[in-house]
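*Asks:* Residue numbers (my numbering): 970 to 1070.
Cβ coordinates follow ideal geometry from the N, Cα and C atoms, glycine included.
Can you read through this structure? Questions will come right after.
Laid out in structure tokens, this is it:
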């Protein structure tokens, strides 16, 4: 990863901005550039909840899939799942192993 782009609603609609989440991301970004943009909600976003799912190699695990299904059953929701593209069974992870040392 070489940069981070954060998108939020304007401050009056964004709990992220009221809680200074963008500033927290900047502090945690370890020198990576962080860009922030705001966007007005569109009518299609009406009553639907947007759920961000962050996962590593657990993305195919039963507990996560069950939790996503449970949330989907509670009402209209769109899910954005962010996970690494790599397949842990096909190659080692030297960068991750180096960071863990």
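#1: Beta-carbon separation of residue 979 and residue 1018 under 9 Å?
#2: Check the DSSP bridge columns for residue 1019 and list the partner residues they point to.
#3: Roughly how far, in whole angstroms, is the beta-carbon of residue 1002 from the beta-carbon of residue 1025, given that I think they are within contact range, below 8 Å?
#4: To the nearest angstrom, how far is the alpha carbon of residue 983 from that of residue 1037?
#5: Among the residues of its own chain, which have a CB less than 7 Å from the CB of residue 1023, if the five just before and after it don't count?
#6: Who are the near neighbours of residue 1040 in its chain, counting only those whose CB is closer than 7 Å to its CB and skipping five residues on each side?
#7: Helix, strand or coil for residue 1027? Go by DSSP, reduced to three states.
*Replies:* Well, looking at it:
#1: In terms of Cβ geometry, residue 979 and residue 1018 do not form a close pair [threshold 9 Å].
#2: DSSP output for residue 1019 lists 1047 as bridge partner(s).
#3: For a cut-off of 8 Å, the C-beta gap from residue 1002 to residue 1025 is around 23 Å, too long to register as a contact.
#4: Straight-line measurement puts the Cα of residue 1037 at about 23 Å from the Cα of residue 983.
#5: Excluding positions up to five away in sequence, the list reads 1051.
#6: Around residue 1040: 1020 and 1046.
#7: Residue 1027 falls in the helix class under three-state DSSP.
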